[in-house]
Each structure stands twice: as structure tokens, then as C-alpha cells.
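Asks: Sharing a structure with you now.
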Amino acid sequence: MYLLARTGGQRLRLSTGEKCLPSQWDDKRQQFRRSYPGYQEANELLASMAARLVEAHRRQRAAGSTPTPATLKEALNPAPAPVVLEQRLIELMTEFREILRGRGYMRDTLRHYLVSRNWLRDFEAYRGRKLLVESYSLADHDALLHYLTIQRKLAPNSVYTLVKNLKALLRHLRDERGYTLGLDLKHLKAVPVDVDKVYLTADELARLYRTVLPDNLAPVRDVFLFCCYTGLRYSDVYQLHGGNVAGWDGGQVLRLTQSKTRRPVSIYLTEAARGILDKYAGERAKLLPVYQNQVMNRYLKRVCRLAGVTGLVEVVEIVQGRVSKTQQPKYELITMHTARHTFATQSLLRGMPVEVLQKILGHANIKTTLIYAKIVEDFQHQTMRRVWEDAPTPAPVAADTICAVESSAA
4 MYLLARTGGQ RLRLSTGEKC LPSQWDDKRQ QFRRSYPGYQ EANELLASMA ARLVEAHRRQ
64 RAAGSTPTPA TLKEALNPAP APVVLEQRLI ELMTEFREIL RGRGYMRDTL RHYLVSRNWL
124 RDFEAYRGRK LLVESYSLAD HDALLHYLTI QRKLAPNSVY TLVKNLKALL RHLRDERGYT
184 LGLDLKHLKA VPVDVDKVYL TADELARLYR TVLPDNLAPV RDVFLFCCYT GLRYSDVYQL
244 HGGNVAGWDG GQVLRLTQSK TRRPVSIYLT EAARGILDKY AGERAKLLPV YQNQVMNRYL
304 KRVCRLAGVT GLVEVVEIVQ GRVSKTQQPK YELITMHTAR HTFATQSLLR GMPVEVLQKI
364 LGHANIKTTL IYAKIVEDFQ HQTMRRVWED APTPAPVAAD TICAVESSAA
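Per my numbering, residue 4 is the first one in the sequence shown, and the count goes up by one each step.
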């Protein structure tokens with residue numbers, strides 16, 4: 004059965020959704036006969052459709068528009084509102100990670116986002132409920148922090164990394180994709196904990212340099228020492244090639260763009276650093292024999308143990324809000340990144356200005372560099388002794404050139 008109407012010389016044909024035999028239809032009254040199952044409800048439907056059609060026609064004319072079959076049909080059967088399905092945070096975290104990959108983010112950063120995504124997935128399974136972006140509330144967030152800290156015993160800095168990545172995702176969804184969030188991002192907080200950075204003393208560096216090692220471990224020691232002398236990260240020393248070396252004032256410098264920060268740096272090559280490069284000079288595309296990071300870190304522990312870097316170091320961890328203190332041999336804590344810490348701390352101890360160290364390390368913010376000044380106890384003690392106990396040197400008296408200029412101008 005169809006509802007037929009004409010407007011402006013055009014014909015409207017609209018399905019009623021009903022079907023009947025010719026014998027069940029009263030053509031004179033334009034309604035269903037009693038023999039049609041549910042005839043009363045069906046006739047009420049026809050009357051309602053006719054009334055709505057007349058009302059739509061009248062309303063459109065009153066609004067100054069010309070009714071057409073299309074506009075009348077739309078008025079009677081409006082398109083259903085699209086059903087917006089809330090997306091899961093873990094799905095959006097996966098998409099965001101791929102966006103960051105396309106924007107050139109480093110592999111380590113992408114790996115951290117993958118770890119964050121996996122923690123969100125585990126929390127969903129633990130709670131038995133999906134985390135949906137627009138309904139994610141502060142209560143959900145507090146429950147997530149409780150799960151990570153109490154149930155999974157994550158370290159504070161691991162929790163901080165997840166919260167930082169989650170905030171970046173939610174900010175992206177809000178600012179770039181128009182999502183409405185269920186909470187204010189300023190309430191998503193986690194506090195990082197300062198971790199004591201392990202570094203080698205000058206004596207340990209000298210012992211490491213002098214130690215006779217097996218042939219398979221000597222290259223690992225040399226690459227590590229080169230990073231101790233230059234402050235390079237593993238990602239940069241791994242890619243180092245001949246084009247990064249340039250002459251400067253009778254010596255040599257390294258010029259490269261850091262892989263992590265994309266910042267250009269220029270590093271003077273000391274005699275010790277040049278000696279290591281000379282040792283491995285040859286036809287290789289890369290300047291030094293660098294293994295994969297995990298292999299380097301594993302071998303480094305053996306190297307440092309053989310070199311006598313065996314003193315006990317206190318390791319402080321915060322688990323479930325409680326401070327846990329243990330002792331470990333120092334060589335067990337040595338990684339390739341220890342070389343960068345060693346360069347920074349030894350440079351400060353030798354009197355390098357923090358501003359110069361910042362440039363060499365490629366830090367965008369000097370506060371990052373000042374962390375090294377804070378952790379070097381010897382640096383603190385030397386500075387305090389120089390300020391308080393050494394004989395003060397009278398400050399030179401300089402002419403007040405500003406006043407002089409102002410006086411002459413007057």
C-alpha cells in the first residue's frame with residue numbers, strides 16, 4: 004500500500020509498509036476492511052500519515068518554501084540520527100601511535116605508547132569494563148592509578164609515563180579531532196620521582212681504560228668510553244659515520260643531528276676520543292663497531308665487573324608509596340646511557356660551565372642539564388668549599404659606562 008499525493012504538479016509516492024489482498028481494501032473509504040488483520044491499527048497509521056503529510060505541506064509553505072515530493076518525504080521519514088559509537092581508549096591509542104610514527108617520532112617514544120596501550124588493555128580486563136573516550140572520568144582515572152600502583156606495583160616514573168602519554172592522546176582527540184572529553188585534562192596528574200643517575204668516577208674510567216679484555220669485549224669497552232668522552236647517546240653513536248667528523252683549529256670535532264631531539268650538536272674530540280676512532284679506522288661505513296643496545300648493555304656489565312667497578316650502590320625504589328632500599332654491585336647498573344651521565348658529571352667536575360654542557364648534550368632546556376649538577380655530590384662540595392673557604396678575590400671595579408654615556412648625552 005502506498006500513500007499518493009500531488010504537489011506543484013509533481014507526484015509523491017510513499018510506502019506505508021502495509022500489504023493486503025484486494026478483497027481486504029475498501030477503495031471507496033480508502034481504508035482496510037475488517038478482514039485485514041489488525042485493521043484498526045493499520046487504518047490509524049494511514050490517517051496519521053495523511054495528517055502528517057498535510058501538516059508538513061502547510062508548515063513548508065508557511066516558511067516560504069515550495070513543498071516538493073522530496074521535502075515532504077523527508078518530513079515524513081527523516082533520516083535517522085547517526086549512532087555515534089564511543090571508541091575505546093586502547094583503539095585510539097593505537098591510532099595515535101601510528102599518527103606519531105607518521106610525524107617522525109622516535110622508536111623509543113612509539114614503544115612507550117605501545118606499553119601504555121597494553122597497560123590500559125590490562126586495566127580493562129581487570130575491571131571488566133571498556134574504557135570509552137567520552138565517558139572516561141576522573142573516577143576511572145583514579146581507579147587506573149590505583150590498579151597500576153597497588154595491583155601491578157609499577158614504579159612512580161612508569162605511572163608518570165603512562166599518564167603523560169594518556170594526556171597527549173586525550174589532548175589530540177580534543178584539539179585535533181573534536182572529541183568531547185568527560186574530564187578536565189588539568190586533573191590528570193602524576194608526579195615523576197628523581198632517580199639517582201649512575202655514573203663512573205675518574206678512577207673507574209681510568210681502570211676501565213687500562214683493563215685488558217678478551218677480543219669480543221674490548222670493542223664494547225671502547226664504544227662505551229667514546230660515549231663517556233663525547234656524551235653521545237647510543238642511538239647517535241650507532242649511526243656515526245665519517246661524514247660526522249670535521250677538522251677544527253688543528254683538531255677534530257663531531258657534527259651531527261641528534262636522533263632523539265633532532266637538534267644539531269657540535270662536539271670537540273679530545274685526544275682520548277680521537278684515539279678510539281683511530282683504532283677502528285678502516286673501510287667500514289660506520290666509525291665504530293656498535294652492537295645492538297641490548298647486547299651492548301649485557302656485555303658492559305661483564306666489562307665493568309672485570310674492570311673492578313664492583314662497589315656497592317644503594318638502589319632506592321618507591322613501591323606502593325613506600326621507600327625500598329637495596330644494595331647492588333655498581334656494574335649491574337651500568338648501561339650504555341651511563342656513559343652520557345658520566346660525561347655530564349665529569350665535565351661539571353672539571354669546571355665546564357653548565358651552559359656549555361647544555362649545548363654539547365643538546366638539551367633544549369637548561370633545567371635538564373642542571374639535573375646533573377644536582378646529583379654530583381663532589382661538584383656541590385667543591386663549589387661550597389670554593390665559595391666559603393677559599394680566599395675571596397676582590398671584584399674588579401669597572402667604569403660605569405652607562406652613566407658616562409648618559410652624562411655625555413646630557
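Every residue, glycine too, gets a C-beta built ideally from N, C-alpha and C.
Report the rounded CA-to-CA distance for Ala193 versus Asp111, giving the unit in angstroms.
Replies: Spanning the two alpha carbons is a distance of roughly 21 angstroms.
Asks: With DSSP run on the structure shown, which of helix, strand or coil describes Gln242?
Replies: Coil at Gln242, not helix or strand.
Asks: Do you know how far the Cα of Val118 is from the Cα of Glu179?
Replies: Rounded to whole angstroms, Glu179 to Val118 spans 23 angstroms at the Cα level.
Asks: May I ask you to report which of helix, strand or coil DSSP gives Ala249?
Replies: Correct three-state label for Ala249: strand.
Asks: Give a yes or no on contact between the region 278 to 292 and the region 307 to 316, applying the rule of three or more CB pairs nearer than 8 angstroms.
Replies: Contact fails: fewer than three Cβ-Cβ distances are below 8 angstroms.
Asks: Can you say whether Asn80 is buried or exposed, counting buried as having 16 or more other CB atoms within 10 angstroms of its CB?
Replies: That one is exposed.
Asks: Taking just the CA atoms, how far does Gln13 sit from Thr71?
Replies: Their Cα atoms are separated by approximately 7 angstroms.
Asks: Hey, would you say Ala276 sits closer than 8 angstroms to Tyr334, going by beta carbons?
Replies: Going by C-beta atoms, Ala276 is not nearer than 8 angstroms to Tyr334.
Asks: Are at least three pairs of beta-carbons, each pair with one atom in the region 352 to 367 and one in the region 261 to 278, less than 8 angstroms apart?
Replies: Touching, yes, given that three or more Cβ pairs across the two stretches are closer than 8 angstroms.
Asks: What is the rounded straight-line gap between the Cα of Ala65 and the Cα of Ala8?
Replies: If you take the alpha carbons of Ala65 and Ala8, they lie about 19 angstroms apart.
Asks: For Val359, report the span of its alpha helix (DSSP H) as first-last.
Replies: Unbroken alpha helix (DSSP H) run through Val359: Val357 to Leu364.
Asks: Since I believe Leu172 is in contact with Leu113 (beta carbons under 8 angstroms), could you give me their beta-carbon distance rounded to a whole number of angstroms?
Replies: With a Cβ gap of about 13 angstroms, Leu113 and Leu172 do not count as contacting.
Asks: Just curious, the beta strand (DSSP E) that Pro267 is in, first and last residue?
Replies: Its beta strand (DSSP E) spans residues Pro267 to Tyr271.
Asks: Would you identify the three-state DSSP class for Ser161, choosing helix, strand or coil?
Replies: Looking at Ser161 - three-state DSSP - the assignment turns out to be helix.
Asks: Nearest CA to the CA of Tyr129: which residue from Val136, Ser138, His149 and Pro25?
Replies: For the residues Val136, Ser138, His149 and Pro25, the minimum Cα distance to Tyr129 belongs to His149.
Asks: Any idea which residues DSSP pairs Pro217 with across the strands?
Replies: Paired residue(s): none; Pro217 is not in a bridge.
Asks: Beta carbon of Val215, beta carbon of Phe229: below 8 angstroms?
Replies: No, these two residues do not count as a Cβ contact at 8 angstroms.
Asks: Taking three-plus beta-carbon pairs below 8 angstroms as touching, is the region 151 to 162 in contact with the region 179 to 189?
Replies: The region 151 to 162, when compared against the region 179 to 189, does not touch it at the 8 angstroms Cβ threshold.
Asks: Please list, in chain order, all residues of the same chain as Asp225 whose beta carbon is under 6 angstroms from its beta carbon, the five residues on each side excluded.
Replies: Only Ile279 meet the Cβ criterion.
Asks: Using a Cβ-Cβ cutoff of less than 8 angstroms, which residues in the same chain neighbour Gln331 once the five nearest sequence positions on both sides are dropped?
Replies: Correct list, in chain order: Leu315, Val316 and Val318.
Asks: List the DSSP bridge partners of Ser18.
Replies: Note: Ser18 sits in a beta bridge opposite Tyr5.
Asks: By the 10 Å Cβ neighbour count, where 16 or more other Cβ atoms means buried, how is Arg32 classified, buried or exposed?
Replies: Looking at its Cβ environment, which holds fewer than 16 other Cβ atoms inside 10 Å, Arg32 is exposed.
Asks: Are the Cβ atoms of Leu351 and Tyr375 separated by less than 8 angstroms?
Replies: Yes, they are a contact pair.
Asks: By DSSP, does Lys263 sit in helix, in strand, or in coil?
Replies: Three-state DSSP puts Lys263 in coil, outside helix and strand.
Asks: Within 10 Å of its beta-carbon, does Ala342 have 16 or more other beta-carbons around it, so buried, or fewer, so exposed?
Replies: With 16 or more Cβ atoms within 10 Å of its Cβ, Ala342 is classed as buried.
Asks: On a Cα-Cα basis, can you pick out the residue from Arg308, Gln261, His344 and Trp391 that is closest to Tyr108?
Replies: Of the candidates Arg308, Gln261, His344 and Trp391, the one whose C-alpha sits nearest the C-alpha of Tyr108 is Gln261.
Asks: Take Gly20 as the anchor and find which of Glu44, Thr10 and Arg36 has the nearest alpha-carbon.
Replies: The candidate whose alpha carbon is nearest that of Gly20 is Glu44.
Asks: Have a look at Asp125 and Val298 and give me their C-alpha separation to the nearest angstrom.
Replies: Approximately 30 angstroms between the Cα atoms of the pair.
Asks: Lys328 by DSSP, collapsed to three states: which one?
Replies: Strand.
Asks: Tell me whether Asp187 sits in a helix, a strand or coil according to DSSP, three-state version.
Replies: Note: Asp187 maps to coil in three-state DSSP.
Asks: Counting only the same chain and skipping the five closest in sequence on each side, list residues whose C-beta sits under 7 angstroms from that of Lys263.
Replies: Excluding sequence neighbours, Lys263 sits near Met109, Arg236 and Ser238.
Asks: Tell me which residue opens and which closes the alpha helix (DSSP H) that Gln349 is part of.
Replies: Residues Met339 to Leu352.
Asks: What number of angstroms, rounded off, separates the C-alpha of Leu157 from the C-alpha of Leu259?
Replies: The alpha-carbon atoms of Leu157 and Leu259 are separated by roughly 36 angstroms.
Asks: Report the option in Gly105, Tyr42, Thr273 and Leu165 whose CA atom is closest to the CA atom of Gly250.
Replies: The residue with the shortest Cα to Cα distance from Gly250 is Thr273.
Asks: Give every residue of the same chain whose Cβ lies closer than 7 angstroms to the Cβ of Lys189, excluding the five residues on either side of it in the sequence, and list them in chain order.
Replies: None.
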